[in-house]
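Numbering (our numbering), first residue to last: 144 to 455. Where a beta carbon is used, it is the ideal one built from N, C-alpha and C, also for glycine. Since the model is a prediction, treat every value here as computed from it, not as a measurement. Scroll down for the structure; my scribbles are underneath it.
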Amino acid sequence: MGKNELIIPLPTVLSVDSLCEIDFASFWNARYNPVGKIVFDFSPIDFVRPAGLVSIVSLMKLSKYLKVADQYYLREPKDDNVKQYLKRMGFYEQFRIIKETVSPKVESSSLCELREVKDELEAYKLTSQLTRIVKEQVQLEEKMMRAISHALGEIIDNIFHHSNSPINGFVCAQTYKGAGEIEIAVADCGIGIKESLKGNPIYRKIRDDEEAITTAVGKRVTGKPHTNTGQGLFICRRFIKENFGRMDIISGSAQYTLRNTDAHVKCYPFWQGTVVSLVFNLKHPIDPKRILDSEFPMDAELDDLFGETDEK
């Protein structure tokens, strides 16, 4: 590696579990000591999951925003299946890399291509699409589906209302029929959960990122007081715990993981912003009453969400 060249090799499986293998230290060093050329090396990759995809796209976008290099290069995957998948998910389009002409994309009931969340309209469209995918794959009753839709909407909404991300944020989803699961992932490079929560005087004494994430998955936790928000991560945590799925949140120097019913928080190589990965288990049906009746009836301000509507 030359003095003015920084190569960022990516892990064989690009997922929420392997993001910590990326050389973040060298990347952040380039932020303060720009290099002549940065190369994002996709050649080792043989499998990509949603959390890995949204995170690396966010990191690549951030590198250009921060001007860490004079020139930016992508070393393509050697695996043809990975190349085709990246093309199918709209990865190359994000960087205006022209590939051979492909058929127009048709909205799928099993995946959501990589999308940039630029504004409220895009967030609304994305939430609607993800809700349809979850409804098709998980097949929940209406009240539970409305709860999940509300939660996904809040998590996506956080990108432009709370994160202050200079490169917006990115979302995608994929169903894995063989494994019996669907993963939805969201990533941004904003101020992170700890700084976001400090917008609320109640949380200004939060010590570190570990405490911030643990707090954020609680009930009615928001960085903007006097608003009807703060339910997104909480609802997803409750659902995934009952569903025996998995939830990961990476922010700053901490990672929260809920797998099946066990949760833990650990230190993490610094990530500017927040990554959220939600994995719903398609093989484990849940009793919605265990979630809805145990948590939500006490919340009068959520009556419009969980109660009956007058819509015809």
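{"Check": "Could you tell me how far apart the beta carbons of Cys315 and Leu257 are, in whole angstroms, since I believe they sit closer than 8 Å?", "Outcome": "5 Å"}
{"Check": "Helix, strand or coil: which one does DSSP assign to Arg218?", "Outcome": "strand"}
{"Check": "Does DSSP put His304 in a helix, in a strand, or in coil?", "Outcome": "helix"}
{"Check": "For Arg433, tell me which candidate among Ile393, Ile298 and Glu284 has the shortest Cα-Cα distance.", "Outcome": "Glu284"}
{"Check": "If you reduce the DSSP assignment to three classes, tell me which class Ser201 lands in.", "Outcome": "helix"}
{"Check": "Identify, in the order they occur along the chain, each residue of the same chain with its Cβ nearer than 8 Å to the Cβ of Asn309, setting aside the five sequence neighbours on each side.", "Outcome": "Before going further, note that residue 309 is Pro rather than Asn in the sequence given. These residues qualify, in order along the chain: Leu205, Tyr208, Cys332 and Gly333."}
{"Check": "In the DSSP assignment, the alpha helix (DSSP H) including Ser169 goes from what residue to what residue?", "Outcome": "Phe167 to Tyr175"}
{"Check": "For Arg402, which of helix, strand or coil comes out of DSSP?", "Outcome": "strand"}
{"Check": "Please name the residue in Phe183, Pro428 and Ser158 whose C-alpha comes closest to that of Ser169.", "Outcome": "Phe183"}
{"Check": "Pick helix, strand or coil for Asn311, following the three-state DSSP scheme.", "Outcome": "coil"}
{"Check": "Assess contact between the segment 220–240 and the segment 265–280, defined as three or more Cβ pairs (one per stretch) separated by less than 8 Å. Is contact present?", "Outcome": "no"}
{"Check": "Among His305, Ile302, Thr270 and His304, whose alpha-carbon lies nearest the alpha-carbon of Ile291?", "Outcome": "Thr270"}
{"Check": "Taking the alpha helix (DSSP H) that Val281 falls in, what are its first and last residues?", "Outcome": "Glu263 to Val281"}
{"Check": "Leaving aside the five residues before and after Asp166 along the sequence, list all residues of the same chain whose C-beta is less than 7 Å from its C-beta, in chain order.", "Outcome": "Ile151"}
{"Check": "Strictly by DSSP, which residues pair up with Phe423?", "Outcome": "Ile325"}
{"Check": "Let me confirm a value: Ala322 is counted as buried when at least 16 other C-beta atoms fall within 10 Å, else exposed. Which label applies?", "Outcome": "exposed"}
{"Check": "I'd like the list of long-range same chain contacts for Val535, defined as Cβ closer than 6 Å, with 5 residues on each side in sequence excluded.", "Outcome": "This structure cannot settle anything about residue 535, because the visible part of the chain is limited to 144 through 455."}
{"Check": "Under 8 Å by Cβ, that's how I've got Val422 and Gly388 pegged, so tell me the actual separation to the nearest angstrom.", "Outcome": "5 Å"}
{"Check": "Looking only at its chain, what residues have a beta carbon closer than 8 Å to the beta carbon of Thr357, apart from the 5 residues adjacent to it on each side?", "Outcome": "Tyr399 and Val408"}
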